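Q:
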Amino acid sequence: MREVGKRERKKDAIALVTGQPVYVDDLAPKECLVVKLLRSPHANAIVEDVNYAAALKIPGIEAVYTWKDVPKNRFATAGQTYPEWSPYDHLILDQHVRFVGDPVAIVAGENEECVDKALRVIRVKYQVLPALLDYHEAIDNEILVHPEDNWESRFPVGADNRRNLCAHMEDGDGDVEAVLEDCEVKLTRTYHVPAVNQAMMETFRTYCYIDTYGRLVVVSSTQIVFHVRRIVSTALGIPRAKVRAMKPRIGGGFGAKQTVVSEIYPAFVTWMTKKPSKLIYTRKESQIAGSPRHEMDVRVSIGADRDGTIRAIDLYNLSNTGAYGDHGPTTAGLTGHKAIPLYTANLEAFRHVFDVVYTNQLATGAYRGYGATQGIFALESIVNELATVLHMDPVELRLKNVVREKMLMPAYFGEVAESCRLDECLVRACEMIGWKEKYPARDMGNGKVRAVGVGMAMQGSCISNVDVGSATIMLNEDGTYKLAIAAADMGTGCDTILAQMAAECLHVTTDEIFVSGADTDSSPYDSGSYASSTTYITGQAVVKAATELEKRICQVAAGMLECDPEDVEFDGRKATDVKTGKSVTSEEIGYKAQVCNEIALQVTESHSSPVSPPPYMAGAVEIELDKETGHVEILDYAAVVDCGTVVNPNLATVQVEGGLGQGIGMTLYENIQYTEKGKLINSSLMQYKIPTRQDMGHFRVEFKPSYEPTGPFGVKSIGEIVINTPAPALAHAIYNATGVWHRNLPITSEKIALGTD
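Under full-length UniProt numbering, think of the first position of the sequence shown as 1, with each following residue one higher.
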């Protein structure tokens, strides 16, 4: 292949590094109304009155809106394919506020100064209610987070708002209790993963205006333009056709922008005033009112024989969805489905049960790894513990039980692992780290210990039987091509990768494919950039569209050459009649399409998949641990990934490195914490610790490409899996250095020094 597999530079690289205006706030008109939100200081309260008379007297203030002024349409903010699994539990503004930071009023004015002043003079009378802040006590608690009668769950996920239950589901195969009872060794452990914030560089931000046709245009930093259109129209109670959604460049998302966080409020202001408006979240707002990862407890029971044969896995996870059900049911389901299948080889029985509960804390949402992160930390950690109990090398234990190519995976929706090189990934990662020489630990003689740890992961490549990717490609009159997509490039490089696929099909260079991104008016429908689906799903749509376009190019050329289409060969530059040798250039074909032509040289194709082939990854880490201070220094991290065919090695490598950095941060530093009254403590990056590049150590990334027959050019996904191996690998290495298992993240230096969990 000429373009697929090439280390192509990102299409937007120069614009980004030279600071050209490409983000939402760069593009918003200067005359925009500034929109800000007055937020609740209470975790659970009824708003009895909002006195904003003084605010309206401030020069420049356009409007103040409260719960009395907004439509009463409940909606879900999770950007998922309709009908959403997430409950309809939001209002634009609700008289009942459910967490510290829940919006109470919308203020719009001519500039930031007057809006800030207005926010300070608004007076709110609250009836403060007891708050439910411990998710372990949520089910059947007398405090109901959503007592309203018009709460609605539109999908059968076992939800019951009268029990604070956002979802309850069970899945399994075989008699778990019987197999566990028959096993020679059984372990049961509980692991805790706190809520962590995506902390993307660009905060949530949206601007809106009314176009010349009277339609509401929503320009937002979002991963999900078509879902934004649906959710905004539902919330405002206006027809879908009256809403247009689009995105410019996105300064990072990592799943946070798969939720409609900022879009509703300026959309409402613009719809009411008919004036352009914008809402730019501060870093504090993104921290206290964003969409972080779900906090979870994961209890795992694992059964094995003394020779290391893993025969049964029983996994239960309790998930804290916070004040609203955004992504609650879907993340919790993946905690088991994206972990248990790793150990398919000898598994006789499995069970996965989960509960998702409401609390009066910040609503949680999508974050890279999407539920699998929590499950993989738990399962991989207990496998490392099992190896210790069995006195086995944890690598050998894994190789005895790991899923391999062509195996049926009952715990993964009954799919077959058509492409899988996980065993080779594991062996290679351990070779790179020097496992045989360094395992388990070496005392350096100066109060420091060097130790190694290991972990594996899998993810998916889409939501099977749900996701739809689409692409439109057309031949321009100069012989270049325009590719229109609705997948959102969040820095992942999907614009470049999809252009490489189109270029491969059409026998041209990637530079000759011009990409226009997500706009509900000009892009074909696409579920959006989430569930690792872009390369696998939208990529296949690109291949189908480009393949069909080549056929049509040959048809037009055949008319020009007065021959049969079957006799035409197209090489990207010209179409040639193989019998006569006569040819016409792609430019000539492009112009011909505009004159006396009935064959459209523009093709739209869609793609969905009944399967979601997993990518696989193994990670091995070497650390140096200071026994006195508990400080962990990462010396080396070896990561080996099977993501099918690697479309762009440069972009794939930085995806891995970025995910490893986030996984390290989640493991060692990050933790969303609350006061006893439910106020989030980590409201800035001064309090919320994320790692710098100096904290991450040396990364080495390699690939073990398999060939996935259902993917374009044999590809699978890579975007999410890369965050999932650091937590179990680091916990393992820390145990090897200290003899203490840490089952509660983050594993801080204080915990290590004190020998506590």
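For every residue, glycine included, the Cβ atom is placed at its ideal position computed from N, Cα and C.
Values in this document were obtained by computation on a predicted structure and should not be read as measured data.
Report yes or no: do the stretch 289 to 305 and the stretch 112 to 125 share at least 3 C-beta pairs separated by less than 8 Å?
A: The answer is no - the stretch 112 to 125 does not touch the stretch 289 to 305, with fewer than three Cβ pairs under 8 Å.
Q: Going along the chain, which unbroken runs of the beta strand (DSSP E) with 3 or more residues stay wholly within the stretch 559 to 591?
A: 568 to 570, 574 to 577, 583 to 585
Q: At the level of alpha carbons, what is the spacing between Y209 and A557?
A: It is roughly 44 Å from the alpha-carbon of Y209 to the alpha-carbon of A557.
Q: Could you tell me which whole alpha helix (DSSP H) segments of length 4 or greater appear in the stretch 336 to 388?
A: none
Q: Tell me the start and end of each unbroken alpha helix (DSSP H) in the stretch 176 to 200 that is at least 4 residues and wholly inside, in chain order.
A: 176 to 182
Q: Checking 8 Å against the spacing of the C-beta atoms, do R398 and C420 come in under that value?
A: no
Q: Below 8 Å on the Cβ atoms is my guess for T77 versus H90; work out the distance and round it to an integer in Å.
A: 6 Å
Q: According to DSSP, is R552 helix, strand or coil?
A: helix
Q: Of all the options V656, C425, C183, L362, which has the alpha carbon lying nearest to the alpha carbon of H42?
A: In this structure, L362 is the residue among V656, C425, C183, L362 with its C-alpha nearest to the C-alpha of H42.
Q: In terms of DSSP beta bridges, what is T206 paired with?
A: S220, L279
Q: Which term fits H391, buried or exposed, when burial requires 16 or more other beta carbons within 10 angstroms of its beta carbon?
A: exposed
Q: Between the alpha carbons of R450 and D626, how many angstroms are there, rounded?
A: 9 Å
Q: What residue range does the alpha helix (DSSP H) around K751 cover?
A: 749 to 754
Q: So, helix, strand or coil for I122, using DSSP?
A: coil
Q: Do the CB positions of D88 and F75 come within less than 8 Å of each other?
A: Residue 88 is actually Tyr in this sequence, not Asp. Yes, they are a contact pair.
Q: Can you check whether the CB of V454 is closer than 8 Å to the CB of V395?
A: At a Cβ-Cβ threshold of 8 Å, V395 and V454 count as neighbours.
Q: Taking the C-alpha atoms as reference points, what is the distance between F713 and S612?
A: 15 Å
Q: Runs of 3 residues minimum, wholly inside the stretch 487 to 541: which ones carry the beta strand (DSSP E) assignment?
A: 513 to 516
Q: Could you tell me whether the Cβ atoms of A429 and V640 are closer together than 8 Å?
A: yes
Q: In angstroms with no decimal places, state the Cα-to-Cα distance between L386 and A304.
A: 8 Å
Q: Ignoring anything shorter than 3 residues or poking outside the stretch 80 to 139, list the beta strand (DSSP E) runs there in chain order.
A: 103 to 109, 123 to 128
Q: Compare the C-alpha of I718 against each of M686, I623, S533, C32 and name the closest.
A: The candidate whose alpha carbon is nearest that of I718 is S533.
Q: So, A638 versus R700, is the Cβ gap smaller than 8 Å?
A: yes
Q: Leaving out five residues on either side along the sequence, give the residues of the same chain with a beta carbon under 6 Å from the beta carbon of L318.
A: D297, D355
Q: Tell me the DSSP bridge mates of L37?
A: I106
Q: Sorted by chain position, which residues of the same chain lie with C-beta nearer than 6 Å to P410's C-beta, five sequence neighbours on each side aside?
A: D173
Q: Quick test of your reading: T520 and R244, contact by CB under 8 Å. State the CB separation rounded to the nearest angstrom.
A: 6 Å
Q: On a Cα-Cα basis, can you pick out the residue from E628, Q500, L475 that is closest to A600?
A: L475
Q: Per DSSP, F703 is paired with what?
A: V641
Q: Does the stretch 723 to 736 come close enough to the stretch 455 to 473 to have 3 or more Cβ pairs within less than 8 Å?
A: yes
Q: When you compare only the Cα positions, how much space is there between K284 and S683?
A: Rounded to whole angstroms, K284 to S683 spans 5 Å at the Cα level.
Q: Applying the criterion that 16 or more other CB atoms from any shown protein chain within 10 Å of the CB defines a buried residue, is V389 buried or exposed?
A: exposed
Q: Using the beta-carbon count (16 or more within 10 Å), is M617 buried or exposed?
A: The Cβ neighbour count for M617, taken over all protein chains shown within 10 Å, is at least 16; the residue is labelled buried.
Q: Assign Q198 to one of two classes, buried (16 or more other C-beta atoms within 10 Å of its C-beta) or exposed (fewer than that).
A: buried
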